[in-house]
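Going down the list, the sequences are from chains A and B.
Start counting the first sequence at 226; every next residue gets the next number (this note's numbering).
Start counting the second sequence at 40; every next residue gets the next number (this note's numbering).
Ideal Cβ positions, reconstructed from N, Cα and C, are used throughout, including at glycine.
Just so it is clear, the structure is predicted and the values come from calculations on it, not from any experiment.
In what follows, a single structure is set out as structure tokens and then discussed.
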Amino acid sequence: DVKVTQSSRYLVKRTGEKVFLECVQDMDHENMFWYRQDPGLGLRLIYFSYDVKMKEKGDIPEGYSVSREKKERFSLILESASTNQTSMYLCASIAGGDTSGNKYEQYFGPGTRLTVT
Amino acid sequence: DQQVKQNSPSLSVQEGRISILNCDYTNSMFDYFLWYKKYPAEGPTFLISISSIKDKNEDGRFTVFLNKSAKHLSLHIVPSQPGDSAVYFCAATRTGAGSYQLTFGKGTKLSVIP
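Written out as structure tokens, the structure reads:
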């Protein structure tokens, strides 16, 4: 079974703090994604990475950066947290290539509920 | 511009009846579609998918129908159970483009009433 883990389930930070959200997957997947989920807005893509040290902006990258130094780990960084970044953050991964019948199925971690006060 | 639309934010259904969740898309390049289910405080879990070469895919109580000409898909759950109460997200992608990016709808919250 694919396992995607996220470093914290709940996090409370103050405005202006630098915040690191960590995601680790154990299936040697090439592609990893960071989303945020907000009520009424669905899942919105922040950044994704298709290989080590590679990153691409998603739909809402402003205020965020990412790091992928190892294949299994993808970090989301809030350089200076703001209250409008209070949200549920979800990490996902998927292998590249035609590896299974459901080859476009992304596997999600449990999420980190971040509150910025 | 929203490329995947779920126009019903919520749906209530009696236990044992059919639940029908709808999804529309605007990008004609999308050719693979997925449904995810999400409980509160958990990550989404994959439910069922369909390729554009098919018009129906069935897995137990879950069936997805695709109408390409209308750019519309629907998820049928029969019979509905209280444990099906969750938020359901429709997602779409373009295969063969070298990207595994999914575009998600805003979700429909399904409540199954015992």
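Annotation: the region 56 to 81 of chain B contains the following complete segments of the beta strand (DSSP E) (minimum length 3 residues), in chain order: 58 to 64, 71 to 77.
Scanning chain A for C-beta atoms nearer than 9 Å to the C-beta of B:Tyr-139 yields Glu-255, Asn-256, Phe-258, Phe-273, Tyr-275, Ile-319, Ala-320, Gly-321, Lys-328, Tyr-329, Gln-331, reported in chain order.
Distance from the Cα of A:Tyr-260 is smallest, within the candidate group A:Val-277, A:Thr-240, A:Met-252, A:Glu-247, for A:Glu-247.
With contacts defined by Cβ atoms closer than 8 Å, A:Leu-270 and A:Asp-284 form a contacting pair. Judged by DSSP in its simplified three-state form, B:Gln-42 adopts coil rather than helix or strand. With a 10 Å radius around the Cβ and a threshold of 16 neighbouring Cβ atoms, A:Thr-240 comes out exposed.
Taken in chain order, the complete beta strand (DSSP E) segments of 3 or more residues contained in the region 235 to 296 of chain A are 235 to 238, 244 to 250, 256 to 263, 267 to 274, 289 to 295.
The region 58 to 73 of chain B makes contact with the region 116 to 131 of chain B; the number of CB pairs closer than 8 Å reaches 3 or more.
For B:Lys-148, the uninterrupted beta strand (DSSP E) segment begins and ends at 147 to 152. Annotation for A:Val-277: Arg-293, Glu-294, Lys-295, Lys-296 place their beta carbon closer than 8 Å to its own, counting only its chain and skipping 5 residues before and after. Using beta-carbon distances, A:Leu-339 does not count as an interface residue toward chain B, since no partner is under 8 Å. With a contact defined as Cβ atoms closer than 8 Å, A:Ala-306 and A:Val-229 miss out at about 23 Å.
Taking a C-beta distance under 8 Å as the contact criterion, B:Phe-101 and B:Leu-112 do not qualify as a contact pair. Taking 8 Å as the threshold, the shortest C-beta distance from A:Pro-335 to chain B falls below it. The beta carbons of B:Ser-138 and B:Ser-58 sit no closer together than 8 Å. For A:Gln-231, the enclosing beta strand (DSSP E) stretches over residues 229 to 231. Taking the Cα of B:Pro-48 as reference, the smallest distance to any Cα among B:Leu-60, B:Gly-55, B:Arg-56 is reached at B:Leu-60. Take the alpha-carbon of B:Lys-148 and the one of A:Arg-338: they are about 19 Å apart.
In this structure, the CA atom of A:Gln-231 is about 17 Å from the CA atom of A:Glu-255. B:Ser-108 counts as exposed, since fewer than 16 other C-beta atoms from the protein chains shown sit within 10 angstroms of its C-beta.
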